[in-house]
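J.:
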Amino acid sequence: MNAKDPDAADEWPLPPSWMWGCEKCTELYRAMKRAPEVVEAARAAGGPGVDYDPMDSVVSTQIRLAHHIASTHAADVPDVDPSCDRCLSDTRRATDVFVLEHRARHLFIPPAIAGLL
Ligand SMILES: [Zn+2]
Ligand SMILES: [Zn+2]
């Protein structure tokens, strides 16, 4: 991936191979990628008047995966991404678990989305 490519910020990165070696990572990653479809299916089955929030369940699967990586694979969490404002502003409290969770997001979601949380 070329950092100068304007589309790179929206590209879904390929998760590192160690994630596929972990059952929990694989399960949570698949749940995250499936979340929009699951929400869509629930909406179709529920009919009008039923309130579903797709972003909510997509974001919560991302948070669960980032949390799992930060707590189980802390040694594999990437370093600060110099192109990410959020990473740079977090350096002063680099041991904070939320910082690890944020940096873990860079492993599996596009930089443009990773920077939001
Ligand atoms: Zn794992
Ligand atoms: Zn970042």
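In terms of the numbering used here, the sequence shown opens at residue -8 and continues consecutively. We treat Cβ as the ideally placed atom computed from N, Cα and C, and that holds for glycine.
Got a sec? Which residues, its chain only, sit under 7 Å from F99 by beta carbon, not counting five neighbours each side?
T.: Answer for F99: P4, P6, Y20 and L56, listed in chain order.
J.: Suppose contacts are defined by Cβ-Cβ distances below 9 Å. Is A61 in contact with E31 by that definition?
T.: Contact: no.
J.: Excluding the 5 residues preceding and the 5 following A103 in the sequence, name in chain order all residues of the same chain whose CB lies nearer than 7 Å to its CB.
T.: Residues A0 and D1 of the same chain have their beta carbon placed closer than 7 Å to that of A103, with the five preceding and five following residues left out of the count.
J.: Could you give the distance in angstroms between the alpha-carbon of V29 and the alpha-carbon of S74?
T.: 33 Å
J.: For ligand 2, is there any heavy atom lying closer than 8 Å to the beta carbon of V71?
T.: yes
J.: Judging by CA-CA distance, which residue of G38, S8, V90 and I54 is the nearest neighbour of A22?
T.: Ranking G38, S8, V90 and I54 by Cα distance to A22 puts I54 first.
J.: The alpha helix (DSSP H) with A(-1) in it runs from where to where?
T.: Taken as a continuous stretch (DSSP letters only), A(-1) belongs to no alpha helix (DSSP H), as it is neither H nor E.
J.: Taking only the alpha-carbon atoms, compute the straight-line gap between G106 and A95 and give it to the nearest angstrom.
T.: 11 Å
J.: State the DSSP-derived secondary structure class of P4, mapped to helix, strand or coil.
T.: coil
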